[in-house]
Amino acid sequence: HLDHRIGSTLSALMGLSTCWWKSDHNTHHIVCNAVEHDPNIQYLPLLAVTPHAFAKGPTFSTYHKRWMGMDSIGRFLVSYQHIFFYPVMAVARINLYIQGLIYLISKPDTIHYRALELCSLAGFFTWQGFLVSCLPGWRQRLLWLLVSHAVAGVLHVQIVLSHFAMRFYMGRAYNDARDEWYVTQLKTTMNVDTWEWFDFIHIGLQFQIEHHLYPRLPRHNLREARKLILPICKKHGFDYHEPGFLQGNYEMWRQLKDTALVAR
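Residue 1 is where the sequence shown starts when you use the UniProt record's numbering, and the numbers rise one by one after that.
Pasting the structure below:
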C-alpha cells in the first residue's frame, strides 16, 4: 500500500482526493456514458449531456444514490448550457475540491488513508491561502485565483471532450456481442487527432480509446497501442472516432446545444 500512501499524499497536496478519484473514475470506466450509472455525465441540474437524462423524468444515480432531475431553475440552466459551458469549465477545478472533501467526510468507514488525505488537503489549502496572501491586494488575489483555475479548465475540457459527443445509453451494458466491452468503449469514447511531437501538450489524454480499452497501460505506450487497435477496428468494421481538437470541441458543443434545445 506504499504507492497508495504516496498517491494520496501527492494528489491531495494538489487539491485532489485520490480516494474520491478512484471511486469516481473507476466507476466511469466500468459504465462509461451510462446515464444512470456514470458519475462523469451526471451534472443535473447544471448540465445535461443527453436528453435521456431528463426526457422521462428524473433518473436515479446508482453512484450518488439519489434521484437527479430538473426543476424550473434546472431546466433554464440546461436550456442555455451551450452558452455558459466553457465559463463553467474555467472554474470546474473548484468542484474537484468540493467533491473530494464531501467524499472524505461522508464515507469515513470505507476510505483508506482518510486522515492522511485530509491532512494533505489541509496543507494544500494552507499553502494556497499563504500564496494568495503574498499578493499586494484583493484584486490581484482574486485575479490570480481566477486565472490559475481557468488555465486548469483547459484540462477539464480535454477530459470531457472524449465522451460528451459520443453515444449514451440507459440500463445495463455488456449484454451481448453488440455492446460487449470493446464495442462499448469505442461507441462511448473518442480520441483527439494530433501530431506526435505535440503529445506533451495533451499528456496522453488524446488517446482515450486506448486508455479505456487498457486502463492500466502507461501513457507513453498509448500511441503504440493505437497502431494495434486501428487494424482491429478496420477488420471488424468498428468506428474509431478521432477528430481534431477544434472539431471535437464543436461536436461536443453541438451535443450540448441539441440537448439544451430539447430541454426548452
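Using N, Cα and C, we set each Cβ at its ideal position, and we do this for glycine too.
- Query: Going by beta carbon distance, what residues of the same chain come within less than 8 angstroms of L230, once the five residues before and after it are set aside?
  - Reply: The residue you call residue 230 lines up with position 230 of the sequence shown. Y240.
- Task: Find the nearest neighbour of Y80 within the set K65, T59, P45, R114, judged by alpha-carbon distance.
- Result: Numbered from its first residue, the sequence shown carries residue 80 at position 80. The residue with the shortest Cα to Cα distance from Y80 is P45.
- Query: Quick check: the segment 47-55 against the segment 122-137, are there 3 or more CB pairs under 8 angstroms?
  - Reply: no
- Task: Locate the alpha helix (DSSP H) running through F245, then write down its first and last residues.
- Result: The residue labelled residue 245 in the question sits at position 245 within the sequence shown. Its alpha helix (DSSP H) spans residues 245-263.
- Cα-Cα separation, L135 to T126: For the purposes of this step, residue 135 is identified with residue 135 of the sequence shown, where counting begins at 1. For the purposes of this step, residue 126 is identified with residue 126 of the sequence shown, where counting begins at 1. Looking at the two C-alpha atoms, the distance is approximately 15 angstroms.
- In this structure, does DSSP put S79 in helix, strand or coil? The residue given as residue 79 occupies position 79 in the sequence shown. Three-state DSSP puts S79 in a helix.
- Message: Please return the same chain residues whose Cβ sits closer than 8 angstroms to the Cβ of D38, not counting the five positions on each side in sequence.
- Response: Counting from one through the sequence shown, the residue named residue 38 turns up at place 38. Correct list, in chain order: T27, H28, V31, C32, Y63.
- Check whether L77 and L101 have beta carbons under 9 angstroms apart: Here residue 77 is taken as the residue at index 77 of the sequence shown, counted from 1. Here residue 101 is taken as the residue at index 101 of the sequence shown, counted from 1. Taking 9 angstroms as the Cβ cut-off, L77 and L101 do not qualify as a contacting pair.
- Which whole-angstrom value describes the C-beta separation of R75 and A263, a residue pair presumed to lie in contact below a C-beta threshold of 8 angstroms? The residue given as residue 75 occupies position 75 in the sequence shown. The residue given as residue 263 occupies position 263 in the sequence shown. About 6 angstroms separates the two Cβ atoms, so the contact holds.
- How about R178 and F207: are their beta carbons less than 9 angstroms apart? Within the sequence shown, numbered from 1, the residue matching residue 178 stands at position 178. Within the sequence shown, numbered from 1, the residue matching residue 207 stands at position 207. Contact flag unset, no.
- Message: Quick check: what's the CA-CA separation for H112 versus Y97?
- Response: Within the sequence shown, residue 112 is the residue found at index 112, counting from 1. Within the sequence shown, residue 97 is the residue found at index 97, counting from 1. Approximately 18 angstroms, taken between the alpha carbons.
- Buried/exposed call for A115, threshold 16 Cβ in 10 Å: Along the sequence shown, read from residue 1 onward, the residue named residue 115 stands at position 115. So A115 counts as exposed.
- For Y169, three-class secondary structure by DSSP: Residue numbering aside, residue 169 sits at position 169 when the sequence shown is read from its first letter. Three-state result, Y169: strand.
- Quick one: what does DSSP say R216 is sitting in, helix, strand or coil? By 1-based counting over the sequence shown, the position of residue 216 is 216. It is coil, neither helix nor strand.
- For L104, does the count of other Cβ atoms within 10 angstroms reach 16, so buried, or fall short, so exposed? As a first step, residue 104 must be located in the sequence shown, where it is residue number 104. L104 comes out buried.
- Figure out for me which residue from R223, Y214, T184 has the closest Cα to the Cα of F200. Taking the sequence shown and counting its residues from 1, the one referred to as residue 200 is at position 200. If we check each option's Cα against that of F200, R223 comes out closest.
- Do L256 and G123 have their CB atoms nearer than 9 angstroms? Here residue 256 refers to the residue found at position 256 of the sequence shown. Here residue 123 refers to the residue found at position 123 of the sequence shown. Taking 9 angstroms as the Cβ cut-off, L256 and G123 do not qualify as a contacting pair.
- Using DSSP with H/G/I as helix, E/B as strand and the rest coil, what is W197? Within the sequence shown, the letter at position 197 stands for residue 197. Helix, per DSSP.
- Looking only at its own chain, which residues have a Cβ that is under 7 angstroms from the Cβ of E180, when we skip the five neighbours before and after it? Taking the first residue of the sequence shown as position 1, residue 180 is located at position 180. Once the five neighbours on either side are set aside, the close Cβ partners of E180 are Y174.
- Query: With distances taken between CB atoms, is the gap from L146 to V91 smaller than 9 angstroms?
  - Reply: The residue you call residue 146 lines up with position 146 of the sequence shown. The residue you call residue 91 lines up with position 91 of the sequence shown. Yes; because the gap between Cβ atoms is below 9 angstroms, this pair is in contact.
- Those residues which DSSP pairs with T59 across a bridge: Residue 59 sits at position 59 when you count from the first residue of the sequence shown. Beta-bridge pairing links T59 to M68.
- Task: Give a yes or no on whether the C-beta atoms belonging to V157 and N249 are separated by under 9 angstroms.
- Result: The residue labelled residue 157 in the question sits at position 157 within the sequence shown. The residue labelled residue 249 in the question sits at position 249 within the sequence shown. It is a contact, given that the beta carbons lie within the stated cut-off.
- Query: In three-state DSSP terms, what is A177?
  - Reply: The residue you call residue 177 lines up with position 177 of the sequence shown. In this structure, A177 counts as helix in the three-state DSSP scheme.
- Report the rounded CA-to-CA distance for T194 versus W21, giving the unit in angstroms. Residue 194 sits at position 194 when you count from the first residue of the sequence shown. Residue 21 sits at position 21 when you count from the first residue of the sequence shown. If I take the Cα positions, the gap works out to 27 angstroms.
- Message: Could you check whether F85 and L118 sit closer than 9 angstroms to each other, using their CB atoms as the reference points?
- Response: Position 118 of the sequence shown, counting from 1, holds the residue named residue 118. Position 85 of the sequence shown, counting from 1, holds the residue named residue 85. In this structure, F85 does not lie closer than 9 angstroms to L118 by Cβ.
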